[in-house]
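Each residue of the sequence shown is one higher than the last, beginning at 0 in numbering that gives the first Met the number 0. One structure is given here, and the rest of the page talks about it.
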Amino acid sequence: MRTIAVMNQKGGVGKTTTSVNLSAALARAGKKVCVIDMDPQGHASYHLGVEAAPGTRTVYDVFAEHCTVDDARQLVAENLSIIPSNIDLAAVEVELAATPGREFILRDAMKHWQEQNRFDFVVIDCPPSLGVLTINALCGVTEVLIPLQPHFFALQGLSKLFETTALVTRRLNRDLRVTGVALCLYESGTRLAADVTEDLRLFLTSSDPDTPWAGAKIFKSRIRRNIKLAEAPSFGQAIFDYAATCPGARDYAELGQEVLAMTDEGIVVPPAASAVPQPEGNVIDDPGTARAA
Ligand code: ADP
Ligand code: MG
């Protein structure tokens with residue numbers, strides 16, 4: 000079971016669009032996929048046609064130990080399910096402020112999935128912050144996929160994100176790696192997009208091999224700006240159901256193929272067999288201060 004957190008503390012860079020459409024692409028390729036909507040805005044849920052009205056079991060209920068991940072999971076298409084969210088999830092940051100081991104709630108809730116190899120992929124749509132929800136995502140996965148909009152300030156924002164993954168790898172989850180960067184909202188043919196991509200490539204290839212992002216791949220598939228991708232969420236449909244032949248569907252289908260190929264190419268390193276016991280307790284002391292400005 001591969002576990003991928005789609006993460007970037009900036010909003011509007013394509014996290015949700017990528018989580019949903021990449022997951023749909025993998026499901027269409029015959030893989031069993033579960034999306035976890037870790038954003039209290041609930042956009043991924045909505046995008047897959049699930050409105051988490053009051054009474055619906057959500058990620059919040061998993062955190063509050065009202066139910067299991069299996070109880071909260073909803074099937075939305077063949078091979079594709081989601082654990083939805085709504086604004087209730089925003090309370091987790093405060094409610095868990097003093098709970099020991101709060102970084103590992105999601106990891107522990109999914110433990111039997113890992114053991115049973117329940118899915119081929121679990122894809123987590125992270126919120127635009129570096130608080131306790133994102134830390135839970137990073138502790139529950141081995142792979143981070145970063146959607147990046149190649150504009151002038153994009154690389155500056157990455158340093159905080161990389162620092163956070165380095166901190167998590169050091170102290171909470173040593174199996175965590177940044178495995179890929181997906182260029183989203185890509186304006187083909189522009190000088191700026193090409194320059195930012197080249198700067199990113201230089202940064203990644205010159206990074207210390209001990210960093211969790213060493214060896215991260217810049218996906219060849221560029222997710223071009225395409226209006227159909229912006230329209231699909233309001234119809235509660237992944238792009239393949241909404242507009243199967245548009246450029247956005249082609250780009251995400253290609254990204255799906257690249258993500259699948261990573262297993263064969265050996266880019267995804269399986270977690271070490273002799274897992275060292277993970278530290279318990281509140282290692283991240285105040286996730287509130289880590290929240291991006
Ligand atoms: P995030 O989850 O990082 O906040 P979203 O995936 O919600 O970002 O994307 C932000 C906005 O941009 C949404 O309205 C989405 O529909 C739109 N969008 C994302 N990717 C594309 C794209 N490639 N082309 C056009 N619109 C896009
Ligand atoms: Mg989002």
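Ideal Cβ positions, reconstructed from N, Cα and C, are used throughout, including at glycine. As the structure is a computational prediction, the values presented were derived from the model and not from experiment.
The DSSP assignment places 42-46 and 58-62 as complete runs of the alpha helix (DSSP H) inside the segment 32-68, in order along the chain (cut-off: 4 residues). Taking 8 Å as the cut-off, the beta carbon of S233 is found no closer than this to the beta carbon of E257. A distance criterion of 7 Å places the beta-carbon of H150 beyond contact range of the ligand MG, judged by its closest non-hydrogen atom. In this structure, the alpha-carbon of Q236 lies about 6 Å from that of G48. Taken in chain order, the whole beta strand (DSSP E) runs of length 3 or more contained in the segment 104-179 are 120-124 and 142-147.
In the three-state scheme derived from DSSP, where H, G and I count as helix and E and B as strand, T2 is classed as strand. The three-state secondary structure of R223, taken from DSSP, is strand. In this structure, R249 has its CB at a distance of at least 7 Å from all heavy atoms of the ligand ADP. Check the Cα spacing between A248 and each of P39, R169, A51 and T17: the tightest is with T17. Using a cutoff of 7 Å, the CB of K14 counts as near the ligand MG, since one of the ligand's heavy atoms is closer than that. By the neighbour-count definition (other C-beta atoms within 10 Å, threshold 16), P83 is a buried residue.
By the Cβ neighbour-count rule, H42 is buried, with 16 or more other Cβ atoms within 10 Å of its own. Under the 8 Å Cβ criterion, the segment 109-127 does not count as touching the segment 151-162, having fewer than three qualifying pairs. Put simply, of A165, G179 and Y241 the residue whose alpha carbon is nearest the alpha carbon of R173 is A165. Shortest gap from the CB of R223 to any heavy atom of the ligand ADP: under 7 Å. The beta carbon of L184 sits closer than 7 Å to at least one heavy atom of the ligand ADP. In the three-state reduction of the DSSP assignment, Q236 falls in the coil class, being assigned neither a helical nor a strand state. Take the alpha-carbon of P208 and the one of G214: they are about 8 Å apart. Here V93 is exposed, its C-beta having fewer than 16 other C-beta atoms within 10 Å. Nearest in C-alpha terms to P211, of all of F161, T244 and I81, is F161. For V267 and P149, the gap between their C-alpha atoms comes out near 25 Å. C-alpha of R56 to C-alpha of K14: approximately 23 Å in a straight line. Residue nearest to D87 within the set I145, L74, N78 and A51 is A51 (criterion: CA-CA distance). Per DSSP, Q73 lies in no alpha helix (DSSP H) segment; the continuous beta strand (DSSP E) that holds it begins and ends at Q73 to A76.
8 Å or more divides the Cβ of I217 from the Cβ of L201. Here E142 is near T2, since their CB atoms are less than 8 Å apart. By the 16-neighbour rule on beta-carbons within 10 angstroms, L21 is buried. Burial is judged here by how many other beta carbons sit within 10 angstroms of a residue's own beta carbon; N135 has at least 16 and is buried. Just so you know, the alpha carbons of D70 and I145 end up roughly 29 Å apart. Closest in alpha carbon position to V177, among Y185, E186, V167 and L184, is V167. T196 is the residue among T196, G179 and R170 whose C-alpha sits nearest the C-alpha of Y185.
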